[in-house]
Structure formats: structure tokens, C-alpha cells
DNA sequence: TCTTAAATGCGACTATGTTGCAAAAATAAA
DNA sequence: TTTATTTTTGCAACATAGTCGCATTTAAGA
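Protein chains in written order, with our numbering: chain A, 7 to 148; chain B, 7 to 148.
Following this line, the structure appears as C-alpha cells:
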């Protein structure tokens, strides 16, 4: 199935209206395998939406579970597709953050260890964050 | 050795001047076992320093490795002592963030798994972040 | 005491993110 | 197709986090 078709179905199934911006935003997520920040989106989207519009679309997509938030080195929120590129995992999700290009990647094949409740702490979710250099940045750093 | 004494030595050893604010800031870090945000500090410090002064002290302390940054749920930076309360670990550091009171705790006794370089990613450091309820918040939530 | 380098305060600025409200657009209903 | 409803958008204003330059103050060494 073509990406365009998948996007339209995704919006329909979640009761989200098919506006140019939201379609373009999903296309952007499909094209990029790393997490996108608000800024990345603002710069990439051609129809130049207001920043509030972007935040609200991201909120809606998150509510529906289409995208999820991923951490960034500098405490900036990034977002990536939950289903498709990234397996649907609420709890056991490993992310890789590149210190060089600041892209965030989902590493679904990396196992997150089971951790029991310790010291009276009730653990709801576990995040495993790897930092370093992604393959693109490793290649050109010599 | 008394905390006061330890603080003065820590400043001396790192070539940091013993101003009232910086001493008070270190005392605050010694008193609190959870990560402190800029806001926490601003509210706690009695000599009412400018926000820039706080940021600069935190930067200096981080450069010297006295404190380190810990993540927060809402994309706010928190800081905690590196040596003493928290073992000196650059790579294998587990943090617990309480969803209720938003405090961040260092969990040095939790083992972080060894992860090999995968998919051409060069891994420099691994962060393990646990979210849930801390013991204080678990007790009073019924 | 004098010197100098670090630390502070202030003003201005940037970036991220939120809220309320009115206008525009998409969908459902007639 | 037209109308009604609900979502989406844009704008203005606001809140918070964090940075930069510069003048002033202060700690520490000579």
C-alpha cells in the first residue's frame, strides 16, 4: 500500500480531519526514521503553519497513539511514529540519540531489562537512552 | 568530616571561589537526595541570586564534575551531586523520576545492561530512566 | 594594600511551549 | 447541494527556560 494511502487511512481511522498540513506532517514522519523536534517540523513543512498548529497536531497524534515523544539531549521534545517504523511499545522502548547530528532513533530490537520495584519505588515505565554517534556521523568524522 | 568542611574543600580543590551563594548551593545539594531544578534552587536559596548567577554556578559545577544533569519528565533540567550521594559514573547511571512529586533520584545500585554497538551506532553512554512513584508518594496515595 | 581574575547583577534577548478566542475549513446531515 | 456541526487553524498574548554582553563587585593571591 502506498504511503499516501496509509496516511489517509490512519487519519480516517482516528477521526482526524485530512487537512493539507496534517497529511504533510505524517508524510514527514514517514520519511524520517529519526525523531523530529518542533523546529525540524517547522522548517520542513512547506505550508508554513503557525507554531501552535504544529503543537496541537502533535498533541492530537500523541493522544491517538500515532506518534510518541522521545527524549533529546538538550531537553527538547522530539516525536516519532509509534506504529510502523517503531513498534508499539509503551514501556520497553530504547532510543538512540546522536550527539553529533542530534537525531533520535528508535531501537526496537534492543531489549530493556526487567527491573523489580526497588527501595519502595513503584516503577511504571523504563526508558533506555543510548547516546553516541549514529552511522552517518561516524562515517564522516575523520 | 562535617558537610560544611567538605563543601569548602570541594570548592578549593576545584578552584571555585567561596561565595555565600555557591556555598549555600552546595549545601542545598548535600541536603537533597533528589535532583534539583533551576526553579527548586531559586526558591530554596536565601540570598536570592539572579537566575543567571544560578545557571552559571550550575555550569561551573558541571564542568568540574561536581554535579551532573538528570532528566525530568517535562523537559526541565535537574541537577544532582555526582560524587558522594551519587557514585561517580559517567556511563552507567540509572535515574528514577517520580511522576507525582517530580523528584529525581539516583539509583546507583541498579545495573545497566551492557549493550554492544548496533546498526553502526557508536554508543558512548547509556541512560536508564525509571518512571513511577517514589516511596513518599506511594505511601500517601490511597 | 593592591591587583586580577572570578563571580554577580542587570537588561535584553532567544527558544519552547501554552491558552483563549474568533475565523476558516472539513465532515456529517438534511 | 446546501446547511449545520465540529475540528482545525491563526493570531495575540502569555509563561517559563535559558543565553549573552557588559559593567560592577568581590575573593584570593602577590
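Cβ coordinates follow ideal geometry from the N, Cα and C atoms, glycine included.
- As a beta-bridge residue in DSSP terms, residue 103 of chain B pairs with B/110 and B/137.
- Residue 112 of chain A and residue 106 of chain B have their C-alpha atoms some 27 Å from each other.
- The C-beta separation of residue 101 of chain A from residue 110 of chain A comes to about 6 Å, placing the pair in contact by the 8 Å criterion.
- Taking a Cβ-Cβ cut-off of 7 Å, the neighbours of residue 140 of chain A in chain B comprise 127, given in sequence order.
- Bridge pairing for residue 43 of chain A: A/84 [DSSP].
- Contact between the region 46-57 of chain A and the region 65-73 of chain A is not established, with fewer than three Cβ pairs separated by less than 8 Å.
- Rounded to the nearest whole angstrom, the C-alpha separation of residue 9 of chain A and residue 71 of chain B is 48 Å.
- The continuous stretches of alpha helix (DSSP H) do not include residue 75 of chain B, which lies in the beta strand (DSSP E) extending over residues 73-76.
- About 5 Å separates the beta carbons of residue 137 of chain B and residue 131 of chain A, which is inside the 8 Å limit, making them a contact pair.
- For residue 12 of chain A, the enclosing alpha helix (DSSP H) stretches over residues 9-19.
- Under the three-state reduction of DSSP output, residue 26 of chain A falls in the helix class.
- Interface residue (Cβ-Cβ distance to chain A less than 8 Å): residue 132 of chain B is classified as such.
- Nearest to residue 144 of chain B by C-alpha distance, out of A/134, A/126 and A/12, is A/126.
- By the CB criterion at 8 Å, residue 35 of chain B and residue 59 of chain B fall outside the cutoff.
- The Cβ atoms of residue 16 of chain A and residue 134 of chain B do not sit closer than 8 Å to each other.
- Rounded to whole angstroms, the separation of the alpha carbons of residue 76 of chain B and residue 40 of chain B is 10 Å.
- For residue 23 of chain B, same chain residues with a beta-carbon under 6 Å away, outside a window of 5 residues either side, do not exist.
- The C-beta distance from residue 81 of chain B to residue 81 of chain A rounds to 4 Å, short enough to meet the 8 Å contact threshold.
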